[in-house]
Amino acid sequence: MTTSLVKAASIRAAWFATAVNATLWRFVLTAPAILLGFVASQPPAFAADPVVLSQGILLLQEGRKSEAYALLEKAFRAEETAAGKSSLAALLAVAPEKFLTHPKHLYSAFALENGKGLSIDDQVRLERIAGDGYFDAAQFPQAASYYHQTLTQKLPSQLQSPTRQQGAGSNTSSATTRALHDAQEYATYKLGWIHLNQHEPRLAFELWLKWRKTHSSDSTADAATSATGLPGGDLADSLLKDLSRAWIEAIALSPAQTPARFDLPLNQREQQTVLQGFTAALRREKKPNFKVVFSALEKTPHFGAFYQSLLTEFHFYRDAPCEAIAGFNRLRTENLDTALARTYLIDCASRPQNTLQTRTALAALFAKIPVTEQARLAKAEVFKQAAQLAPACNEYLNALQEYTAKAGEPLQSQDDAAQNGITPSLIRQIAETCLDSRSEASSSQMKRAVGLIFGSRQVADQNQKDFTQNPTKWTPVLATFFTKVAAKGLASEALIQNSSLWRKSLLPQLALEAADQDLKSTHDLLSAFKNDRSPETLNRFALGGIKTLLKAGQFDRARLWLGEYFPLESKPTLQAQRLWVIASQDQASAARGKVQQTWANTLFAQPSAQVSQEDRKALAGLLVEQGDWEAVQKHWSLLRHDFETSPQWAEAFATSRLRQQAGSNSPSTDSSPLMAYARSLVQLASDAPATTLATLPVLKKSPLHADALALHSLRQKEGEFQNLELPLGARFEKLVSRKLALLKSNLARATRHTWTQPLLLDAASRSFDRSRNSFAAALEKTASTEGTEPDIQIQLWELAQTLRSWTVKSKSEGTAG
């Protein structure tokens, strides 16, 4: 194979000697892509040995790159002419580095220094290879020299001529101009990084800034356009980002020597790119000096674009929030991040204000932040957020007093309330700051808050109006406020003094029903209205308090209230007695039974129509729990509906009737479905003939009904064995087999069934015994008949004896054989 290739190369050598440039051009069109960029619009003048070149080309065409480049490197070392070496060096400079024994930037440098007739494209490409190689090897002076060569490159005069840019040559001119622009942008970018690597960020920034200004982007256009009419290069964003980084690093390196003014015009997208550069540089610093950064940033037109973003990113004024206030004040109101400014404002307000300058800055920022209430409320909110509840309370009360003074007449609408500033939100804030357990508000401030709110006819009128229309707005807020007032011991005085304003209000009742109400504050509340309310109203409040205690499981305290307001001996209302029953559930059985019996007797004395469904159900449940079936039967007309609609209670009642075995005290004439079902159940269990089981939907799935169905099935089969005759004859054996199979089936059903009622199990056992005995007696009678063959007699007697041993057992006891 090697011989044939060499022979083929020798045959072609003469042809290459006459047309080497044309042949090399055809090779470039079919060679690997690494060489395509080397040759520009016309083939270079190769001066190397054409035979060696042809052999290298053939190896590349066959994919034998390692051999090809080794051959070319060998030819480079053997070539004696500078022109030949330069041609080979140009080829090797664009080869993949892994196939070379020497760095390719050295070949590129050789080609640049010794090559002749290279095009602009070839020169800048080789300069980039040489510069990048020395850059990667940290040989920065050598790298810089090649990047500077690229920056000094200029287009040939024929490409710069306007007449040259018309016609067929215009595309070539445009491509070359674009390529030279991109190459010079790249060289500028790498020169700046050489400055950064040499700890000269100021020089990097100024170099990049100059390039950016010379080739500045048009912020109003979709694509950046340079001053020469060229669109911005691919490195435009990277250069802008690193330019920003270099600016920050230059400030950090020499705080006293500010670099050139950062005054580039930036669109919104470019601002984000610059912010990324700032962020990257600041993160590199162990302790970035933000004061110096912002001081320099204030001298640029971009302070407003980056101040808040950098604050959000680094929170560098966390320990000195007041220092950030001045920066916020420099921003226009429409550009202010209200939430961010409020965070620093609150933090600053929580610190001691030692200087007039800080207080002035705070006041200025207070005025700039948009609020829904007046400036006073905004200031109060800041104090509250800073956990300074006493000053916040004072500001809220001042605002409330101002609003109250402005309104000389009662409010007519919710809009009026909003205009005067008295809103549920304001009252909620006063409760949280003036009456909160964490607040250091003085007792005089608390009394002032109570007097302003509960002494305000506006608040009372609006509360009454909202309660009839929408009780979720004012009333719950005032109830919470009142609860806190009661906890501070101010409830009685506040409501008694202003009782005329709150006569029709349910506010005290809502306060009583608050989950966190304690016994003392509730007593204070009831005492406040004891001389000003009717007994019915007082009882309503007391019931509310008792319900609250019961919900909290405080049964002993609930009994204290019941004993004080609703003693049992005074025959209280049914509602109070029901609360007595609930409150007695943790007492001994004797005491609980007394309470329950008193309540039950009261219910029994009421006309049925006047007993509520709630009381009736509670009574039925109590009687079932006690097992007082006599009382159930006695008051059946009152309790019938509840028992017939509850599967558990219906089953319990029917079971009790079954156990009573149709006692003399049962209302046998009652036609209710449950009573009829119970009667049929008793009859079924008592072996009454021709028994029919009644139906009751509520018991359809109950275990009791399943037992009754199993028993009823056995009773139906029992009739087939009564007075059974088994005459000898042709059908005798078949008749015995059928009856025996039926008896076995009955026994299996009775045994498989899980019985829950012993009485029904006993009745089932008796029913099976009667069927079994009838069958056995018929077999014995046939065996005794005259003329029966001896062996038949013996078989019939043995079968009869076996049958008499069969018995029904419950499922847990096993089955009979």
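Position 435, counted from 1, in the sequence shown is what the working numbering calls 441; the numbers after and before it change by one each time, with no gaps. Ideal Cβ positions, reconstructed from N, Cα and C, are used throughout, including at glycine.
*Are there 16 or more other CB atoms within 10 angstroms of the CB of residue 577, so buried, or fewer, so exposed?*
In the sequence shown, residue 577 corresponds to position 571, counting from 1. Exposed, by the Cβ-count rule.
_Nonlocal neighbours in the same chain, by C-beta distance under 6 Å from residue 353, ignoring five residues either side_ = For this step, residue 353 is matched to residue 347 along the sequence shown. Counting only Cβ-Cβ distances below 6 Å, and skipping sequence neighbours, we find 327.
*At which residues does the alpha helix (DSSP H) containing residue 600 begin and terminate?*
On the sequence shown, position 594 is the one that residue 600 refers to. Taken as a continuous stretch (DSSP letters only), the alpha helix (DSSP H) holding residue 600 covers 595-610.
*May I ask which residues mark the beginning and end of the alpha helix (DSSP H) holding residue 111?*
What you label residue 111 is simply residue 105 of the sequence shown in a count that begins at 1. Taken as a continuous stretch (DSSP letters only), the alpha helix (DSSP H) holding residue 111 covers 110-120.
*If we call anything under 8 Å between Cβ atoms a contact, is residue 660 one with residue 684?*
Locating residue 660 in the sequence shown gives position 654, where the first residue counts as 1. Locating residue 684 in the sequence shown gives position 678, where the first residue counts as 1. Going by C-beta atoms, residue 660 is nearer than 8 Å to residue 684.
*asked:* What does the alpha-carbon distance come out to for the pair residue 611 and residue 551?
replied: To locate residue 611, count along the sequence shown from 1; it is residue 605. To locate residue 551, count along the sequence shown from 1; it is residue 545. If I take the Cα positions, the gap works out to 28 Å.
*asked:* Can you tell me whether residue 800 is buried or exposed? The criterion is at least 16 other CB atoms within 10 Å of its CB, across all chains shown.
replied: Within the sequence shown, numbered from 1, the residue matching residue 800 stands at position 794. Exposed is the call here.
*In terms of residues, what are the limits of the alpha helix (DSSP H) holding residue 331?*
The residue given as residue 331 occupies position 325 in the sequence shown. 328-336 is the span of the alpha helix (DSSP H), which, as asked, contains residue 331.
*Status (buried if at least 16 other CB within 10 Å, exposed otherwise) for residue 603*: Locating residue 603 in the sequence shown gives position 597, where the first residue counts as 1. Flag for residue 603 reads exposed.
*Check each candidate in 652, 720, 111 and 82 and name the one with the smallest Cα separation from residue 130.*
Here the question's residue 130 lines up with position 124 in the sequence shown. Taking only the C-alpha atoms, the option nearest residue 130 is 111.
*Just the C-alpha distance for residue 768 and residue 614, rounded to the nearest angstrom, thanks.*
Residue numbering aside, residue 768 sits at position 762 when the sequence shown is read from its first letter. Residue numbering aside, residue 614 sits at position 608 when the sequence shown is read from its first letter. Cα-Cα distance, rounded: 40 Å.
*Is residue 272 helix, strand or coil by DSSP?*
For this step, residue 272 is matched to residue 266 along the sequence shown. Residue 272: coil per DSSP, three-state reduction.
_For residue 607, count the other beta carbons within 10 Å of its own beta carbon; 16 or more makes it buried, fewer makes it exposed. Which is it?_
In the sequence shown, the residue the question calls residue 607 occupies position 601. Its Cβ having fewer than 16 others within 10 Å, residue 607 is exposed.
_Rounded to the nearest angstrom, what separates residue 679 and residue 640 at their Cα positions?_
As a working mapping, residue 679 is identified with position 673 in the sequence shown. As a working mapping, residue 640 is identified with position 634 in the sequence shown. One C-alpha to the other measures close to 17 Å.
*To the nearest angstrom, report how far apart residue 157 and residue 285 are at their CA atoms.*
Locating residue 157 in the sequence shown gives position 151, counting from the first residue. Locating residue 285 in the sequence shown gives position 279, counting from the first residue. For residue 157 and residue 285, the distance between alpha carbons rounds to 30 Å.
*How long is the line joining the alpha carbons of residue 79 and residue 69, rounded to whole angstroms?*
As a working note, residue 79 is residue 73 in the sequence shown. As a working note, residue 69 is residue 63 in the sequence shown. Whole-angstrom Cα-Cα distance: 17 Å.
*Are the Cβ atoms of residue 126 and residue 197 separated by less than 8 Å?*
On the sequence shown, residue 126 is found 120 positions in, with the first residue counted as 1. On the sequence shown, residue 197 is found 191 positions in, with the first residue counted as 1. No. Outside cutoff.
_Outcome for residue 671 when other beta-carbon atoms lying within 10 angstroms are tallied against a minimum of 16_ = Start at 1 with the first residue of the sequence shown, and residue 671 comes out as number 665. Caution applies to residue 671, whose pLDDT of 45 falls short of 50 and renders its modelled position unreliable; the value that the coordinates give is listed next. Taking all protein chains in view, the Cβ of residue 671 is surrounded by fewer than 16 other Cβ atoms within 10 Å, so the residue is classified as exposed.
*Would you say residue 134 and residue 89 are within 8 Å of each other, going by their C-beta atoms?*
Here residue 134 refers to the residue found at position 128 of the sequence shown. Here residue 89 refers to the residue found at position 83 of the sequence shown. No; because the gap between Cβ atoms is not below 8 Å, this pair is not in contact.
*Going by the CB atoms, is the gap between residue 449 and residue 396 shorter than 8 Å?*
The residue you call residue 396 lines up with position 390 of the sequence shown. The residue you call residue 449 lines up with position 443 of the sequence shown. No; because the gap between Cβ atoms is not below 8 Å, this pair is not in contact.
_Element boundaries [alpha helix (DSSP H), containing residue 812]_ = Here residue 812 corresponds to residue number 806 of the sequence shown, with the count starting at 1. Counting along the chain, residue 812 falls outside any alpha helix (DSSP H), and DSSP gives it neither H nor E.
*Drop a sphere of 10 angstroms on the beta-carbon of residue 248, count the other beta-carbons inside from all chains shown, and report buried for 16 or more, exposed for fewer.*
Residue mapping note: residue 248 aligns to position 242 of the sequence shown, counting from 1. By the 10 Å Cβ count, residue 248 comes out buried.
*Work out the CA separation of residue 195 and residue 254 for me, nearest whole Å.*
Along the sequence shown, one-based indexing puts residue 254 at 248. Along the sequence shown, one-based indexing puts residue 195 at 189. For residue 254 and residue 195, the distance between alpha carbons rounds to 17 Å.
_So the candidates are 599, 617 and 650; which of them puts its Cα closest to the Cα of residue 628?_
Here residue 628 refers to the residue found at position 622 when the sequence shown is read from its first residue. The candidate whose alpha carbon is nearest that of residue 628 is 599.
*Is residue 708 helix, strand or coil by DSSP?*
Numbered from its first residue, the sequence shown carries residue 708 at position 702. Looking at residue 708 - three-state DSSP - the assignment turns out to be coil, as it is neither helix nor strand.
*Give the single residue among 457, 98, 215 and 87 whose Cα lies nearest to the Cα of residue 77.*
Position 71 of the sequence shown holds residue 77. Restricting attention to 457, 98, 215 and 87, the CA atom closest to the CA of residue 77 is found in 98.
_Extent of the continuous alpha helix (DSSP H) run through residue 747_ = The count along the sequence shown starts at 1 and reaches residue 747 at position 741. 738-758 is the extent of the alpha helix (DSSP H) around residue 747.
*Between residue 484 and residue 403, is the Cβ-Cβ spacing less than 8 Å?*
Looking up residue 484 in the sequence shown gives position 478. Looking up residue 403 in the sequence shown gives position 397. Taking 8 Å as the Cβ cut-off, residue 484 and residue 403 do not qualify as a contacting pair.
*Secondary structure at residue 295, three-state DSSP: helix, strand or coil?*
Residue 295 sits at position 289 when you count from the first residue of the sequence shown. The answer is coil: DSSP assigns residue 295 none of H, G, I, E or B.
*Should residue 91 and residue 82 be called a contact, given that it needs their Cβ atoms to be closer than 8 Å?*
In the sequence shown, counting from the first residue as 1, residue 91 sits at position 85. In the sequence shown, counting from the first residue as 1, residue 82 sits at position 76. Yes, the Cβ-Cβ distance between residue 91 and residue 82 is below 8 Å.
*Can you give me the Cβ contacts of residue 332 inside the same chain, cut-off strictly under 6 Å, excluding the 5 residues immediately before and after it?*
Looking up residue 332 in the sequence shown gives position 326. Closer than 6 Å at the Cβ level, and outside the excluded window around residue 332, lie 367.
*Determine the extent of the alpha helix (DSSP H) in which residue 592 is found, giving its start and end residues.*
Position 586 of the sequence shown, counting from 1, holds the residue named residue 592. Careful: residue 592 lies outside any alpha helix (DSSP H) and carries neither H nor E.
_Close beta carbons around residue 653, own chain, < 7 Å, minus the five adjacent residues each side_ = Residue 653 sits at position 647 when you count from the first residue of the sequence shown. Around residue 653, the same chain offers 704, 705 and 708 as residues with beta carbons nearer than 7 Å, after the five sequence neighbours per side are excluded.
*Can you tell me the Cα-Cα spacing of residue 637 and residue 584, whole angstroms?*
For the purposes of this step, residue 637 is identified with residue 631 of the sequence shown, where counting begins at 1. For the purposes of this step, residue 584 is identified with residue 578 of the sequence shown, where counting begins at 1. Roughly 19 Å separates the two Cα atoms.
*Quick one: measure Cβ to Cβ for residue 876 and residue 702, integer angstroms, because I've assumed they're closer than 8 Å.*
Nothing can be reported for residue 876, as the shown portion of the chain is limited to 7 through 823.
*Using the rule of at least 16 other Cβ atoms within 10 Å of the residue's Cβ for burial, across every protein chain shown, is residue 142 buried or exposed?*
Residue numbering aside, residue 142 sits at position 136 when the sequence shown is read from its first letter. Residue 142 is exposed by the Cβ-count criterion.
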